[in-house]
Each structure stands twice: as structure tokens, then as C-alpha cells.
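S.K.:
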Amino acid sequence: MAAKNLRAENVFKAPAVTGRITTNTFSPREVAKALNVALPIPNDKALDRLSFKGDVAYSPGSADVSNMQLMLDNTTMTGKFGVPDMSKPAVTFDLRGDSFTVDPYIPPKEKEKSDGEGKPAPSDKKKEDDEILPKEQLKALDVDGKLFMASLGFKGMTAENVNMRVKAKNGDITIDPLSMDIFRGTFDMALTTNMAMDQPPHTLKLGIESLDVAQLLSSFQDNPLVGGLARLDLDISSVGLTMWKMLRGMDGSASMGLKDGYVRGINLSKERIEQAKTGKNVFVPEEEKGARTNIPEMTTNLNIKDGIARTKDILVTTDQSGVKLTGGGLADLAEQTLNLDLKAHLGPLALPLTVQGPFSNPKTGVSASGIAEQVLTSPLDIVNGAADGVGGVLGGISGALSGSGEKKTDDGQQPPKQGEGEESQTKPSQEKSPGEEVKKLFEGFGLKPKN
735 MAAKNLRAEN VFKAPAVTGR ITTNTFSPRE VAKALNVALP IPNDKALDRL
785 SFKGDVAYSP GSADVSNMQL MLDNTTMTGK FGVPDMSKPA VTFDLRGDSF
835 TVDPYIPPKE KEKSDGEGKP APSDKKKEDD EILPKEQLKA LDVDGKLFMA
885 SLGFKGMTAE NVNMRVKAKN GDITIDPLSM DIFRGTFDMA LTTNMAMDQP
935 PHTLKLGIES LDVAQLLSSF QDNPLVGGLA RLDLDISSVG LTMWKMLRGM
985 DGSASMGLKD GYVRGINLSK ERIEQAKTGK NVFVPEEEKG ARTNIPEMTT
1035 NLNIKDGIAR TKDILVTTDQ SGVKLTGGGL ADLAEQTLNL DLKAHLGPLA
1085 LPLTVQGPFS NPKTGVSASG IAEQVLTSPL DIVNGAADGV GGVLGGISGA
1135 LSGSGEKKTD DGQQPPKQGE GEESQTKPSQ EKSPGEEVKK LFEGFGLKPK
1185 N
């Protein structure tokens, strides 16, 4: 280590030191090993190389480093930081970095306590009491800083041009902006909270543009079935320290959309729709894995009050079959459940489709009475023309919404295989009404109409 132009004053009373410090490149890991200190980071490629140079200024109660260059492994950081009040401590910084990957520096997770059978030990805590925000630690923060990273990696994801400004004092915290280029799109966020309050208030503004959904999902799963460019505008407020309370107390608005979207593994082409009357599944068999259904447009606007998100303007369009999906409904964000009433438009017919249940496994269904109403108020030739495709289209859409290529009826049973259950069908000698024809198409796709 070298110290250039280092000056010390009032050494015996109130020592103050100024000057420039430069170190050679050394291994923190080897130093810790020599001192018999166990590092919490087992990755041997982390903390392997470190060097530092900068202008330092120390006086009783404060310290500053400017014109800094810090090299840690493959990352270089420049800028300045300081501790203006060591009694709190307060921290200021203005830093710029080239590239940093977080993963090698994360200590391994501790194993959860189990009940002896490999399952997590049961907890008496209610979800309403499961705090996720450390109030006292956040309240004690005294920070004023800026950070820019040209590239930041975490769990296989990479963000570029990461820009953050954070201020925190006496429990009042503001992060504005937090912006980055990620998944080929842009992310821009502003967040405020006040931990000095018994039930801290929070505000969040979030804008996402042209985010590549397939690339996002690829970070969590292989060969994602859904893709497109997503847009989200979110402006919400809430209160609380637990996730459940924050979701239940959420108010605000949201607007979202998807363009150039698609669902792989589902074929809603006109040719496949013609096969709907035979009960052939719109989910693509093994030999047709390359097929997909394009979704040129999907949009909706949400009004959020007390954790309930309501919409009246869901719109989904497909280009191969000409089907259009519209409707509305609500989502309970705290309980994570859906209750949507949709209509599938094919020509002049608008047939009802419901989506209900938990976010993780929603159930779909159709209304026989709604079908009958459409049939009775439409000319016979229109019904017969539309009936050729409606069942196949809705079967595919509902399958995509439920997240499974294997259709089930509302009672959870597998749909009858082709050729089974023929005795329950209308006798061949009886002429089927248009309503029965449409209903048959739905049942052929595992969608049991509700009376």
C-alpha cells in the first residue's frame, strides 16, 4: 500500500488525515484464510482480487473518499462516498460501475426447519401478520446516494444502464428513479414510503415498455409457451408492513398490454377449427410442435380499490381464426383469485366464457344458457356457420388461460375420449338444434357448459 501526500493534523487531540491512498492488488480470500477467518461466501471466484486508490479525508466523526477507483474481481467502480456522521451512521455516495454479477457473492440459504418428514415446520402466524418489511432497520437508514451500473447480473438475468437515486432519513425513504434496460425493454420505477408511521404508507409508480415476455419467462423455465412485447403503467398506493396488508390496502390504477404476442403449442388456425367438430384438441400434437397462435393485441385497464382490481375492457385478438375475446371482471390481489366474465366473438356471435379460481390454477367454463340466448336471437345460417369454429377457439383460449394443454371439465374430470359417451349424445334419428350443435363442440374440448 502506498500513501501519497498523506497529511495528519492534531494527532493527539482531534486527529485529521488527508491524502491519496493506493493499494496493490491482493486477495481478500487469501487474507481471510491467513487470519483464520471463515468467509460467508463459499464461491472461490468471489473476493479473489481487490485493489483501491482514492483521495481520503478523515476527521473525528466523518470520513470521505473522492476520485476513487475500486477493482473487485471483474468489476471496476469509480466515484465517491462518504460518512458525514459516524454516530448514526449516515452514508453518501455517487458511484459508477462497469459490470457486476451478484450471484457469486450471495451466501447459501440456511435450511428451513422441518417437522421431521422433510416438510417445513408449521407456523402459527397468520398471513396478515407475516411481516416482510424490517421497520426499525429501514427507519434507521440515513442515505443519500446515486448509483449507475452499465451491466448488472442476477440469477441469469442481465440489466443494462441501471440508474438509481435513493434518499432515506428519519424513516422517510424515496427511490426515484430506479431505471434499467432489461429483457429488451425498459423499466422505470419511483417508490416512496415512511417508516416513521405505525402503518407505513407507500406509493409506487412503474412503467414498463416493450419487455420481451419470452425472454423473461426463459429466466425461470425452459421453452416458455407465451411470448410478445409487454407494456405496463402502474400508479398505486398502500399501507402496512406485511404483503397481505399491502395488497389488501392497495388503491390506484394500471394499464397493460401485449403486442406481437403468441402462444406456442396451440393451433387456432382455420384448418384446425374445422376439425373441432371431431373433438380434436387444439393443443398441438407431438408432430406439430412448431405451430403457434398469434395474438396481435391484448389490452386492459384496471381500477384498484382495497386490493380488488376491476376491469371492463379486456381485449384479446388472434389473427389466424379471427376470434376476438372481450369482457371484464375482477382480481382479488390479496387472496390471489380471479373472477372474469368474457365473450368470444366469432362473426355475429358472442359466446360467454368464465375464468374463475386462484391465480395459480384458474378454471374455465361456458354458459349453456348464454349459448342458447345467442342461438335463439341469431339466424340459423349464421349459427351453423359460426358453430364450426366456436368450440375449437374457446377450447384453445381457455386452455391457454388455465395454463395446461390437458383440458378438464368443471368438476375436475378428464374430458371423454373420442368415441366415448356416445350413448349420452342426441339420438341419430333426432335432428340437433343449433344450440345442441354448439354445446357439443364445447364438450368436445372438455368445456362442460354450465346451465
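If you read the sequence shown in the working numbering, its first letter stands for residue 735, the second for the next number, and so on. Every residue gets a Cβ at the ideal spot worked out from N, C-alpha and C, and that includes glycine.
Buried or exposed: which applies to Ser821, given that a residue is buried once 16 or more other Cβ atoms fall within 10 Å of its Cβ?
M.R.: Exposed.
S.K.: Skipping 5 residues on each side, what residues in its chain have a beta carbon closer than 7 angstroms to that of Leu959?
M.R.: Excluding residues within five positions, the ones whose Cβ falls inside 7 angstroms are Val997, Arg998 and Gly999.
S.K.: On a CA-only basis, which of Ser944, Met931, Thr927 and Arg783 is nearest Thr757? Give me that one, please.
M.R.: The shortest C-alpha separation from Thr757 is found at Arg783.
S.K.: Whole angstroms are fine: how far does the CA of Gly1061 sit from the CA of Thr1052?
M.R.: Roughly 15 angstroms separates the two Cα atoms.
S.K.: To the nearest angstrom, report how far apart Gly1146 and Val1100 are at their CA atoms.
M.R.: Interpretation of Gly1146 is limited by its pLDDT of 43, a score under 50 that renders its predicted location unreliable; no figure is taken from the coordinates.
S.K.: Report the three-state DSSP secondary structure of Arg918 (helix, strand or coil).
M.R.: Correct three-state label for Arg918: coil.
S.K.: By Cβ distance, which residues of its chain are closer than 6 angstroms to Gly795, with the 5 residues on each side in sequence left out?
M.R.: Excluding sequence neighbours, Gly795 sits near Met820.
S.K.: Comparing alpha-carbon positions, which option in Gly961, Leu966, Pro1086 and Ala1078 lies nearest Gly995?
M.R.: The shortest Cα separation from Gly995 among Gly961, Leu966, Pro1086 and Ala1078 belongs to Gly961.
S.K.: Give the single residue among Asn1035, Val1057 and Leu773 whose Cα lies nearest to the Cα of Ala1065.
M.R.: Checked all of Asn1035, Val1057 and Leu773; the closest Cα to Ala1065 is Asn1035.
S.K.: If you check the beta carbons only, do Glu894 and Ala884 fall under 8 angstroms apart?
M.R.: In this structure, Ala884 lies closer than 8 angstroms to Glu894 by Cβ.
S.K.: Give me the Cβ distance between Pro934 and Thr927, rounded to the nearest whole Å; I'm assuming they're in contact under 8 angstroms.
M.R.: Indeed they touch by this definition, with Cβ atoms about 5 angstroms apart.
S.K.: I need the DSSP call for Glu1069, collapsed to helix, strand or coil.
M.R.: Of the three classes helix, strand and coil, the one that applies to Glu1069 here is coil, per DSSP.
S.K.: Rounded to the nearest angstrom, what separates Pro911 and Thr920 at their Cα positions?
M.R.: Cα to Cα, the separation comes out at about 13 angstroms.
S.K.: Since Ala924 and Leu945 should fall inside the 8 angstroms C-beta cutoff, what is the C-beta to C-beta distance between them, to a whole number of angstroms?
M.R.: The Cβ separation is near 18 angstroms, so there is no contact.
S.K.: Could you pull out every residue in the same chain whose Cβ sits closer than 6 angstroms to the Cβ of Phe888, ignoring the five residues on either side in sequence?
M.R.: Around Phe888: Val836.
S.K.: Tell me whether Met929 sits in a helix, a strand or coil according to DSSP, three-state version.
M.R.: Three-state result, Met929: coil.
S.K.: From which residue to which residue does the alpha helix (DSSP H) around Lys873 run?
M.R.: Taken as a continuous stretch (DSSP letters only), the alpha helix (DSSP H) holding Lys873 covers Lys869 to Lys873.
S.K.: Would you tell me roughly how many angstroms separate the C-alpha atoms of Thr908 and Val900, rounded to the nearest one?
M.R.: For Thr908 and Val900, the distance between alpha carbons rounds to 6 angstroms.
S.K.: Quick one: is Gly1130 buried, meaning 16 or more other Cβ sit within 10 Å of its Cβ, or exposed?
M.R.: Residue placement at Gly1130 is poorly supported in this model, since its pLDDT is 45, which falls under 50; the coordinates are not used for a value here.
S.K.: Nearest to Leu867 by alpha carbon, out of Ile1029, Leu975 and Gly986?
M.R.: It is Leu975 whose Cα lies nearest to the Cα of Leu867.
S.K.: Write down the C-beta distance between Met980 and Ile1038 rounded to the nearest angstrom, noting that I regard them as a contact closer than 8 angstroms.
M.R.: That pair is no contact at about 12 angstroms.
S.K.: Reducing DSSP to helix, strand and coil, say where Pro1030 ends up.
M.R.: DSSP places Pro1030 in strand when its eight states are reduced to three.
S.K.: Per the DSSP calculation, Asp819 is bridged to which residue(s)?
M.R.: DSSP lists Ala824 as partners of Asp819.
S.K.: For Ser1088 and Ile1042, I'd like the C-alpha separation in whole angstroms.
M.R.: A small correction: the amino acid at residue 1088 is Thr; Ser does not occupy that position in the sequence shown. Rounded to the nearest angstrom, the two C-alpha atoms are 18 angstroms apart.
S.K.: Compute the Euclidean distance between the alpha carbons of Leu1067 and Pro1092, then round it to the nearest angstrom.
M.R.: Rounded to the nearest angstrom, the two C-alpha atoms are 10 angstroms apart.
S.K.: In its own chain, which residues sit with a C-beta less than 8 angstroms from the C-beta of Lys869, not counting the 5 before and 5 after it?
M.R.: Cβ neighbours of Lys869 beyond the five flanking positions: Met929, Pro934 and Leu975.
S.K.: According to DSSP, simplified to helix, strand and coil, what is Arg1044?
M.R.: Of the three classes helix, strand and coil, the one that applies to Arg1044 here is strand, per DSSP.
S.K.: What are the start and end residues of the alpha helix (DSSP H) that includes Met980?
M.R.: Per DSSP, Met980 belongs to the alpha helix (DSSP H) from Met977 to Arg982.
S.K.: Give me, in chain order, the residues of the same chain whose beta-carbon lies closer than 7 angstroms to that of Glu698; leave out the 5 immediate sequence neighbours on both sides.
M.R.: With the chain represented from 735 up to 1185, any question about residue 698 goes unanswered, as that position is not in the structure.
S.K.: Quick one: residues in its chain with C-beta nearer than 7 angstroms to the C-beta of Ile970, no 5 flanking neighbours on either side, listed in chain order?
M.R.: Leu938, Met984, Asp985, Gly986 and Ile1038, listed in sequence order.
S.K.: Taking the continuous alpha helix (DSSP H) assigned at Ala766, which residues delimit it?
M.R.: That run of the alpha helix (DSSP H) goes Pro762 to Ala768.
S.K.: What is the DSSP secondary structure of Pro838, counted as helix, strand or coil?
M.R.: Three-state DSSP puts Pro838 in a helix.
S.K.: Roughly how many angstroms lie between the CA atoms of Ala768 and Asp906, to the nearest whole one?
M.R.: Spanning the two alpha carbons is a distance of roughly 43 angstroms.
S.K.: Tell me which same chain residues have a C-beta within less than 6 angstroms of the C-beta of Lys787, skipping the five on either side of it?
M.R.: Hits under 6 angstroms: Thr756 and Gln803.
S.K.: Assuming Leu1085 and Leu1059 are in contact, meaning their beta carbons sit under 8 angstroms apart, how far apart are those beta carbons, in whole angstroms?
M.R.: Not confirmed; about 10 angstroms, so no contact.
S.K.: So, with DSSP's three-state summary, where would you put Ser796?
M.R.: Strand, per DSSP.
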